[in-house]
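Using this note's numbering, the first residue of the sequence shown is number 31, and each one after it goes up by one. Notes follow once the structure below has been shown.
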Amino acid sequence: MTTSSTNIQPWLHVIGVGESGLKSLGTEALDVLNQADIIIGGERHHKLTKGFTAKRIKWPSPFSTMVGKIGEFRPKNVAILVTGDPLWYSAGALLAKEWPSEEIKFYPQLSAFQLACSMMGWSIPDVDKITVHGRPVEQIIPWFRPYNKLVVLTADSKCPSKIVNLLKEKGYGASKLTVLGELGGPNESMIEGLANLWKLTEENHTIPEFHTLCIECIPMDEEDILPSPPGLPDEAFVSDGNFTKKEIRSLTVSALNPGKNKILWDLGCGCGSVGIEWLLLSFNGRAYGVEKNQKRCGMAQSNAMKFGVPRFSITCGLSSDLISTFPDPDAAFIGGGLEPDLVRRVVERLKPYGCLVVNSVTLESEAVLVDLQKEFGGKLTRIAISRSRTLGKLTTWDQLLPVTQWMVQK
31 MTTSSTNIQP WLHVIGVGES GLKSLGTEAL DVLNQADIII GGERHHKLTK
81 GFTAKRIKWP SPFSTMVGKI GEFRPKNVAI LVTGDPLWYS AGALLAKEWP
131 SEEIKFYPQL SAFQLACSMM GWSIPDVDKI TVHGRPVEQI IPWFRPYNKL
181 VVLTADSKCP SKIVNLLKEK GYGASKLTVL GELGGPNESM IEGLANLWKL
231 TEENHTIPEF HTLCIECIPM DEEDILPSPP GLPDEAFVSD GNFTKKEIRS
281 LTVSALNPGK NKILWDLGCG CGSVGIEWLL LSFNGRAYGV EKNQKRCGMA
331 QSNAMKFGVP RFSITCGLSS DLISTFPDPD AAFIGGGLEP DLVRRVVERL
381 KPYGCLVVNS VTLESEAVLV DLQKEFGGKL TRIAISRSRT LGKLTTWDQL
431 LPVTQWMVQK
């Protein structure tokens, strides 16, 4: 067996800094700062690390605008200061995608998640760790589950109040909240309160601008809590009645194979029910929806925010005009506007092992699916669903429109 090595030395150093400033750094990180030509960090980081001779550059907002400029400093020694673990919801993750591993070195600090769990006495694997910093606060909604524990990186002192409003709106007014300030520093603080009484908590305490929020999700009445996807109740969606119903939706979302970091096209998305459930099952996924009906497009946008999936980008227009602007999908669903040429374009754009699912409820569109199945292969499935209903003193069946589903994998 042979091994290879390079003489490339890291020139880009990403250093996690704790609340105690220089005291939190090891010898190696301190040596890097002493030898650095340029130090990049926020105002808070520069205050914590005074005394170095390097040129100081303040982070821009958003930080992503700095990434392209960093390359201009090469091969000078550049130190970037971040809070906590650089690779856990921090700038390090973005930088790691831009530079080869041999040119960049990370110096981790205890993360806010670890420090918060330690203070709360919570086991880290049993807690959901999320961030709403620089993101729509609504994306926390999918994590509201009965008795779930959350540790949340927030944006500012107003963030807990916004989250409290969402908790109450979704039936979790009994939830317990704990604001942890200056974690790991000499002035650690803890503010506790209930969602339903949070206004009183804010009247008696000053919420620190920089903090970590811990939440124990406690429902007021478990009967009012929506079930986990797939198969959300039809009545949970704002709609005009024309959308993929619960049972068909569950089978469709399953066929679309949701997963982490995946991309979905939802063409003819209606009120957005399929795309929304797919996103709820696809951590860090993105969906691009197209709907030609302006009213339904608005419904889809409202539903996306209601269910906490702001990563669902919905555009009013024709799929044939818009898909050229979307990134290649891992999965695509055509729920309306079926055209053979559109299908061919979608199949061509699918990533390797990606899948296309098309649902049909008319004989005409079913005939199109039969021809497409001959052209591309895949599987045709006929789905018939009946729901019970009362008929006087008796019970009978109500049949939903039968659906022909075609699924093909690239």
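Here a beta-carbon is modelled for each residue, glycine too, at the ideal position from N, C-alpha and C. On a predicted model such as this, the values are computed, not experimentally measured, just so you know.
Are Pro370 and Trp295 touching if we call contact CB-CB under 9 Å?
If you check the CB distance, Pro370 and Trp295 do not come in under 9 Å.
What runs of the beta strand (DSSP E), each 3 residues or longer, lie entirely inside the segment 312 to 398?
316 to 321, 342 to 346, 361 to 364, 385 to 390
According to DSSP, is Gln139 helix, strand or coil?
coil
Assign Gln331 to one of two classes, buried (16 or more other C-beta atoms within 10 Å of its C-beta) or exposed (fewer than that).
buried
Arg419 burial status per 10 Å Cβ neighbour count (16 or more: buried):
exposed
Whole-angstrom Cβ separation of Phe82 and Asn64, contact assumed at under 8 Å?
7 Å
Sorted by chain position, which residues of the same chain lie with C-beta nearer than 6 Å to Met31's C-beta, five sequence neighbours on each side aside?
Because Met31 sits at a pLDDT of 40, beneath the cut-off of 50, its placement in the model cannot be relied upon, and the point is left open.
State the start and end residues of the unbroken alpha helix (DSSP H) segment that holds His76.
Counting along the chain, the alpha helix (DSSP H) containing His76 begins and ends at 73 to 78.
Quick one: what does DSSP say Leu430 is sitting in, helix, strand or coil?
Per DSSP, reduced to three states, the secondary structure at Leu430 is coil, with no helix or strand assignment.
So, under 8 Å CB-CB, Asn389 and Gly408 are touching, yes? Tell me the CB distance rounded to an integer number of Å.
Contact flag wrong, Cβ pair sits at about 13 Å.
Hey, could you find the ends of the beta strand (DSSP E) Arg165 is sitting in?
Per DSSP, Arg165 belongs to no beta strand (DSSP E) and is neither H nor E.
How many angstroms separate the CA atom of Leu353 from the CA atom of Gly384?
This sequence places Ile at residue 353; Leu is not what is there. Taking the straight line joining both Cα atoms gives about 16 Å.
Using DSSP bridges, identify the partner residues of Met250.
Looking at the DSSP assignment, Met250 forms no beta bridge with any residue, so it has no partner.
Mapping DSSP to helix, strand and coil, what is Leu281?
DSSP, reduced to helix, strand and coil, places Leu281 within a helical segment of the structure shown.
Contact belief for Phe267 with Ser303 at Cβ below 8 Å, rounded distance in angstroms:
5 Å
Proximity winner among Cys301, Cys327, Lys325, Gly338, relative to Ser312 (alpha-carbon distances):
Gly338
For Asn234, which option in Pro357, Met220, Val283 has the closest C-alpha, if you only look at C-alpha atoms?
Met220
Write down the C-beta distance between Val157 and Cys189 rounded to the nearest angstrom, noting that I regard them as a contact closer than 8 Å.
Between Cys189 and Val157 the Cβ distance is about 18 Å, and since that is not below 8 Å, they are no contact.
Which whole runs of the alpha helix (DSSP H) in the segment 216 to 278 are 4 residues long or more, in chain order?
Runs found: 228 to 234.
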